[in-house]
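> Following our numbering, the numbering of the sequence shown begins with 22 at its first residue and continues without gaps.
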Amino acid sequence: MRDATLGSISSYELRLTFLKFKARVLTMVDSLEGYSYGALEQMLSSAGVNPVHAKPLFSAVQRRLVSKDLSAAEGILPPVARWLSTGNAPVLCPSKQTDCRPSGDGFTEKYMLRLADGAEVEAVRMGFSGRFTACLSTQVGCAMGCVFCATGQMGFSRHLTAGEIVSQAHHVERGLRESHGERLRNIVMMGMGEPLHNFEPVMEALGIITDNRGLNIGPARVAISTVGHIPGILKLARHPKRYSLAVSLHGASDEERGKLIPVNKKWPLADLIDACREYTEIKRARVFFAWTLIGGVNDSADHAFRLAELLKGIDAHVNLIPLNATEGYGGEATDETNVRKFQDIIQASGLPSTVRQRRGIDVAAGCGQLKASRLIKR
Ligand code: SAH
Ligand code: SF4
């Protein structure tokens, strides 16, 4: 009896220790890829190692993309190698690819990447020689619930850490160096998740990716796409770096937009447009508005006139994207003729626009679609 009680206490304690450890892993300790130059300096310093060693360490991780045997990497001197082997230092956690699908047109390659806890996210390489872009995920799933989006249909699991976001960029860049001998030029935060709902880790990751001692991708070549997360837009407007902002609109009235994007109720259109205006004024930069064209839903001439009216007086550019059909939503893409008609109307009202095809549809390259198709097959 006594033994049994003791046994249950110790297993309870064991469980508590495990939960504390798990919480520590999930909330505090990131992989080495998620440490900025400054954070490395601080960490070395507090471990009693001269912070000058941050330079070769950052270069090995963020520029040369060393993914194993870091202690033996070029420029890593014994004090750092010793610290790395103490068990107190963060470790490298390169993305593990579980699927890779090149599209028929050669424009897109989509990767399914497994994270340390077994969760999976997507990263995509798009473009052609000299203009390669990586599309990165910021969350496992998404809490925003947009009805047409495969990620929204999955629901929210968790935020990604800065290291998990940086590791996706490393994965795409490594592949490019091997296959094409080239470097990434642009980053778009348009994969799974809402980047501004995971603000700090996303900013931390982008600070690392744009660091000229690392991948050195200019902030102007980084686009952050948001569902219209107003507090995030206002924080981004005051952030020291000038990233490009894309706002997913898809509707020109609260009623219509709310049917596609449920969080429109929390962040209604008038407030969203005010936040965008504030962004353009503070950053002196134009905002890109995405309009996913859905046949019979938001693609009429009337919608085009109302969109032009809504964005009047704002430094705006509209990206028109025919819907990529998903399992959980019955809508269809607008046909080419109606896409042109829609574009002609907004163009005539002085609103600049581009029609963007969602390339690589054959590799399920829409947001969250590869993961969704794998879940359905299981
Ligand atoms: N959460 C952010 C970024 C990820 S989604 C956002 O919503 O902006 C990136 C873009 O893909 C958004 O403009 C989104 O509306 C669009 N998108 C999602 N699913 C789509 C689909 N099935 N067809 C066309 N565009 C889609
Ligand atoms: Fe989330 Fe963006 Fe998909 Fe909406 S479109 S559910 S915000 S990932």
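Every residue, glycine too, gets a C-beta built ideally from N, C-alpha and C.
Can you list the residues near the ligand SF4, meaning Cβ strictly closer than 5 Å to any non-hydrogen atom, in the order they appear in the chain?
That query returns the following residues: Cys163, Met165, Cys167, Cys170, Thr172, Gly173, Glu215 and Val248.
> Give me the Cα-Cα distance between leucine 98 and alanine 291, rounded to the nearest whole angstrom.
Taking the straight line joining both Cα atoms gives about 56 Å.
> Does DSSP put arginine 278 in a helix, in a strand, or in coil?
Looking at arginine 278 - three-state DSSP - the assignment turns out to be helix.
> In this structure, how does DSSP classify phenylalanine 310 when only helix, strand and coil are distinguished?
In this structure, phenylalanine 310 counts as strand in the three-state DSSP scheme.
> Give the secondary structure of leucine 157 by DSSP, where H, G and I count as helix, E and B as strand, and everything else as coil.
The answer is coil: DSSP assigns leucine 157 none of H, G, I, E or B.
> Counting Cβ pairs, one atom from each stretch, are 3 or more of them under 8 Å apart for the segment 214–222 and the segment 142–159?
Cβ pair count under 8 Å is three or more, so yes.
> Going by other Cβ atoms of all chains shown within 10 Å of its Cβ, with 16 needed for buried, is glutamine 83 buried or exposed?
Buried: at least 16 other Cβ atoms inside 10 Å.
> Closer than 8 Å: is that where the CB of threonine 347 sits relative to any heavy atom of the ligand SAH?
It does: the Cβ of threonine 347 is within 8 Å (strictly closer) of some heavy atom of the ligand SAH.
> Verify whether the separation of the beta carbon atoms of alanine 190 and glycine 55 is less than 9 Å.
No, the pair does not count as a contact, with Cβ atoms beyond the cut-off.
> Among Leu205, Trp104, Gly352 and Ile238, which one has its Cα closest to the Cα of phenylalanine 153?
Checking every option, the nearest Cα to that of phenylalanine 153 belongs to Leu205.
> If we count the other Cβ atoms within 10 Å of its Cβ and call it buried at 16 or more, is asparagine 233 buried or exposed?
So asparagine 233 counts as exposed.
> Which residue wins for smallest C-alpha separation from lysine 362, given the options Val101, Leu91, Ala325 and Glu130?
For lysine 362, the nearest C-alpha among the options comes from Ala325.
> On the three-state DSSP scale, how would you describe lysine 117?
In this structure, lysine 117 counts as strand in the three-state DSSP scheme.
> So for lysine 287, helix, strand or coil by DSSP?
Residue state, collapsed to three classes: coil.
> At a cut of 8 Å, does the segment 248–268 reach the segment 301–309 through at least three beta carbon pairs?
They touch, by the three-pair rule.
> On the DSSP letters alone, give me the boundaries of the beta strand (DSSP E) that lysine 131 sits inside.
Taken as a continuous stretch (DSSP letters only), the beta strand (DSSP E) holding lysine 131 covers 129–135.
> Mapping the DSSP letters down to three states, classify valine 50 as helix, strand or coil.
Of the three classes helix, strand and coil, the one that applies to valine 50 here is coil, per DSSP.
> Closest by CA to valine 222, which one among Ile254, Tyr350, Leu344 and Leu181?
Residue 222 is actually proline in this sequence, not valine. Minimum Cα distance to proline 222 is reached at Leu181.
> State whether the segment 325–341 contacts the segment 365–381, with contact taken as three or more CB pairs (one from each stretch) at a distance under 8 Å.
Because the criterion of three Cβ pairs below 8 Å is met, the segment 325–341 and the segment 365–381 touch.
> Expressed to the nearest angstrom, what Euclidean distance is found between the alpha-carbon atoms of leucine 113 and asparagine 237?
Looking at the two C-alpha atoms, the distance is approximately 20 Å.
> How far does the beta strand (DSSP E) with leucine 255 in it extend, from its first residue to its last?
Element bounds for leucine 255: not the beta strand (DSSP E) but the alpha helix (DSSP H), 251–258.
> Where DSSP assigns a beta bridge to threonine 375, which residues make up the other side?
In the DSSP output, where bridge partners are listed per residue, threonine 375 has Asn340.
> Just grab the DSSP bridge partners of isoleucine 208 for me.
In the DSSP output, where bridge partners are listed per residue, isoleucine 208 has Ala155 and Val243.
> Please go through the same chain and pick out, in chain order, the residues whose beta-carbon is closer than 7 Å to the beta-carbon of lysine 286, but skip the five residues on each side of it.
Within the same chain, lysine 286 has close Cβ partners Gly279.
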